[in-house]
Every structure is written in C-alpha cells, then in structure tokens.
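The structure appears below as structure tokens.
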Amino acid sequence: MSLVPEHIKNLSPYTPGKSISRLKRDLGLKYVIKLASNENPSGPSPLALDAVKNALFDYNRYPDSAAFDLRKMLATRFNVKVENVILGAGSEGIMSTIMRTFLRKRDEIIAVKNSFIGFRVLANASGFKTNWIAMDHYHYNLASMAKAINNHTKIIYLANPDNPTGTYFNVKKFDAFMSKVPNRVLVLLDEAYFEYAKDVLDYPDSMHYRYDNVITLRTFSKAYGLAGFRIGYGFAHKDIIKNLMKVKLPFEPSTPAQIAAIAALNDQNYLRHSLKLNEEGIAGMEKSFDNYGLEYLPSVANFLTLVFKNEKAAKSFCKSMLQRGVILRHLSGFGLPECVRVTTGTKEENSIFFDHISHIIKR
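Read left to right, the sequence shown gives residues 59 to 421 (our numbering).
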C-alpha cells in the first residue's frame with residue numbers, strides 16, 4: 059500500500075523560472091537579464107539591508123513568534139488593530155495556513171483556472187475539491203464564480219490584480235460579486251501587486267471593504283523588493299486572525315524578514331522610486347510592443363503579458379530571447395501557452411530587451 063495519497067501523487071509542483079546562474083552555465087553567457095519572475099529590479103531597500111546587517115549577532119535567537127513590532131506597524135499604517143494582522147512566509151504561507159485552519163470534510167474551493175499558479179498547487183495539494191472557473195478574455199469572470207457557489211463552498215480565491223495577466227476587476231464588479239457571497243464563505247483577496255494598482259480610480263482596495271469574511275493578502279516581495287526574505291501579511295476580522303495564529307508555524311516569518319520589512323516600511327523614498335521606475339518601465343514596454351506590432355494585455359502590475367498567435371510563436375520568442383541572455387516567462391504552466399510574461403527591469407535591462415526585440419521581430 060502506498061504511503062502517498064493519490065492527490066499528492068498526481069500533483070505537479072510549482073516550477074519557478076530559469077535562474078540567471080543556470081542560463082549562464084547552460085549557454086556560456088557572461089551577462090544575463092531576468093525579466094521572468096515579477097521581482098523588483100531595484101533590489102531591497104538600503105534601509106532594510108542596513109537593518110538586517112546591524113542585527114547579525116541576534117540571529118542565534120528565535121524570532122518573535124507574534125511578530126508584534128511589525129504587526130503593530132502595519133496596523134497603524136492601515137488603520138486597523140494588531141488583532142487584525144497576520145504575517146507569513148510570503149502570502150503563500152498565509153494561504154497555506156488559511157486552508158489548514160478552515161477547510162474540513164466535504165468543503166470546496168472556487169478559483170480561476172489560469173490565475174496564480176502558487177494557489178493552484180496549494181489547492182490541489184489540499185485534497186479538497188476545487189471548482190476551476192475559466193477566464194473571460196484574460197479577465198476574472200466574477201459572475202461565473204458567483205454562480206459556482208454551492209452549499210459546500212468554503213473558500214474563494216481572487217487575485218487582484220491578477221498574476222499572470224496583470225488585469226484587474228473593478229469596484230462595480232467586486233461589489234456585485236460580494237453581494238452574492240454568503241457570510242459562511244471565506245474570500246481570499248490576494249493583492250500582491252496592490253502598490254502598483256492602488257491609484258487606479260476604479261480599483262477596489264479591499265481595506266475599504268471591512269467584510270467579516272474577506273481576508274486581504276499582501277506582500278513585501280514586489281514593490282518593497284524583499285522577495286528573497288519571504289514575508290507577506292494579511293488583514294482580517296480578529297476572530298479569523300485569532301484562529302490562524304493557532305495554526306501558523308510558530309517562528310514564521312524569520313527574524314531577518316521581520317527586521318527587513320519594518321525598515322522597508324519606513325523607507326518611503328525607496329517605495330516612490332520603485333513605483334516610478336516601474337511606471338516608466340511599463341510605458342517603455344508598451345511603446346516598444348506597439349512599435350513592433352506585439353499584442354499585450356493592459357496591466358496594473360509590474361509586468362506585461364504578450365499574447366502571440368499560438369504556442370509555437372510564444373515559445374520561439376522566449377527561445378530567441380534566452381539565446382540572447384534574456385529570461386522571460388512562457389505561461390504554458392499557467393494554462394496560457396500562447397502567452398509570455400515580461401517583468402519590468404532597470405532602465406538598462408529594459409533598453410537591452412528592446413534592442414533584442416528589434417533583432418527578433420521583423421517589421
């Protein structure tokens with residue numbers, strides 16, 4: 059008899075993008091640009107790096123399990139109480155805790171087929187039934203998701219803006235959707251790209267919706283440049299947070315992650331620079347893609363998704379870029395084989411990428 063449950067046997071693990079070191083090794087390249095993983099090209103905040111270095115001699119101690127200082131800071135920043143805040147090893151860490159805490163026999167999940175692949179792995183690994191809803195022209199179909207709610211539905215996952223498309227649903231659609239969600243159903247609202255989208259006029263900042271059954275998830279991995287530290291945070295009703303705190307790993311996130319996040323929150327100059335660089339990068343990509351007749355999805359995140367005629371054309375574009383030392387993300391793993399996701403880079407990286415396009419695309 060196998061020790062491994064059937065749903066784990068059949069599970070496809072998350073596959074990250076090709077690393078810079080591997081591409082250098084495989085192709086013998088000296089200079090490689092990675093525009094594949096929605097990372098912040100600015101690097102971490104200088105204040106965060108200094109804070110982590112200054113605490114080096116304290117790392118023999120376990121982290122503050124309650125992470126009180128950071129939770130207090132987030133509570134003050136977003137006008138909630140400490141009891142409304144939770145931390146985790148990235149937003150995925152909190153998602154995992156939510157699923158372990160609230161799912162029980164016969165419960166079901168609703169999520170979108172081609173959205174964040176990290177949640178797909180968690181949902182499939184949970185062993186609970188997930189009702190996967192198709193996108194509508196690369197956008198969330200909230201009306202279809204609402205229709206899929208049944209007596210067994212317990213968790214609904216929404217990413218706004220979405221990864222990998224960069225599209226978002228607006229206030230009107232979110233309001234209509236929430237009016238059809240029973241109070242017994244938890245809505246996981248993943249706002250990993252919140253900082254990039256927050257100034258869009260009809261973007262529904264979930265902190266303006268104090269629903270008792272909505273859990274807001276955000277991260278320090280994107281706009282704050284702390285992806286390698288693995289730290290995310292969430293806001294919810296105090297009863298939800300109280301129960302999540304019982305289940306989460308006791309010393310998560312790590313001490314360096316907590317220290318870096320506190321310093322990053324204090325570095326508003328870095329955040330403004332990061333957002334400005336991204337705004338310029340997106341504008342430059344749109345101009346270049348328009349110039350070469352490349353179709354792409356309008357995005358309110360830190361990436362654009364190219365849409366090719368078919369999978370063959372998308373793969374060919376990625377391969378040509380790889381040979382030139384530029385790593386992009388072909389989205390076959392997301393169920394979008396005709397698409398390629400491109401993250402904004404530094405000004406120099408973007409310029410090199412645009413130059414390579416001129417050699418690949420014949421006008």
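The beta-carbon is built from N, C-alpha and C at its ideal position, and this holds for glycine as well.
Model, not experiment: these values are computed from the prediction.
Annotated three-state conformation of Thr274 is strand, per DSSP. Looking at the DSSP output, Glu406 sits in no beta bridge, so it has no partner there. Scanning Leu333, Ile340, Thr155, Asn271 for the CA closest to the CA of Leu364 turns up Ile340.
Put simply, of Gly146, Phe174, Leu87, Ile91 the residue whose alpha carbon is nearest the alpha carbon of Leu394 is Phe174.
Contact between Ser149 and Leu275 is confirmed by a C-beta separation of about 4 Å, below the 8 Å threshold. Take Glu249, set aside five residues on each side of it, and the residues of its chain with a beta-carbon closer than 7 Å to its own are Asn218, Ser264, Thr274, Leu275, Arg276, in chain order. Here Val365 carries a strand assignment [DSSP, helix/strand/coil].
Asn189: member of the beta strand (DSSP E) spanning 187-191, first to last residue.
Residue environment: Thr223 is assigned as buried (16 or more neighbouring CB atoms within 10 Å of its CB, all protein chains considered). Note on the segment 197-228: whole alpha helix (DSSP H) runs with a minimum of 4 residues are 200-205, in chain order. Gly151 counts as buried, since at least 16 other C-beta atoms from the protein chains shown sit within 10 angstroms of its C-beta.
The alpha helix (DSSP H) runs of length 4 or more contained entirely in the segment 97-180 are, from start to end of the chain, 104-112, 126-135, 148-160. Rounded to the nearest angstrom, the gap between the Cα atoms of Ile191 and Arg119 is 45 Å. Between Ile156 and Asn189, the CB-CB gap reaches or exceeds 7 Å. When the Cα atoms are used, Val229 and Val400 turn out to be separated by approximately 27 Å.
Ile419 carries a coil assignment under DSSP once its states are collapsed to helix, strand and coil. Taking the Cα positions, Lys238 is about 39 Å away from Glu338. For Asp270, the number of other beta carbons within 10 angstroms of its own is below 16, and it is reported as exposed. Setting aside the 5 residues that flank it on each side, Phe232 is surrounded in the same chain by Pro262, each with a C-beta closer than 6 Å to its C-beta; the list follows chain order. Annotated as proximal: Gln316 and Ala125, with beta-carbon spacing under 7 Å.
Within 10 angstroms of the beta-carbon of Val305 lie fewer than 16 other beta-carbons, which makes it exposed.
In summary, Gly290 is buried, with 16 or more beta-carbon neighbours lying within 10 Å of its beta-carbon over all protein chains present.
Taking 7 Å as the cut-off, the Cβ atoms of Phe177 and Tyr215 count as close. According to DSSP, residue pairing for Tyr328 in a beta bridge does not occur. Leaving aside the five residues that flank Tyr117 on each side, the residues in its chain whose CB is nearer than 8 Å to its CB run, in chain order, Thr313, Pro314. Where Leu244 is concerned, the enclosing beta strand (DSSP E) starts and stops at 244-248. Around the beta carbon of Ser79, a 10 Å sphere encloses fewer than 16 other beta carbons of the protein chains shown; the residue is thus reported as exposed. A distance of 7 Å or more separates the beta carbons of Leu362 and Met379. Take the alpha-carbon of Leu247 and the one of Val272: they are about 7 Å apart. Under the 10 Å beta carbon count, Ala94 is surrounded by 16 or more other beta carbons and is classified as buried. Between Pro104 and the set Leu284, Ala147, Phe227, the nearest pair of CA atoms involves Leu284. Look at Tyr350 here: in three-state DSSP terms it is coil, with no helix or strand label. Each of Arg164, Val179, Thr225 was checked against the Cα of Met193, and the nearest Cα belongs to Thr225. When the beta-carbon positions are compared, Ala147 and Pro311 come within less than 7 Å of each other. Partner residues in the beta bridge of Thr401, as assigned by DSSP, are Phe361.
According to DSSP, Ile91 shares a beta bridge with Val384.
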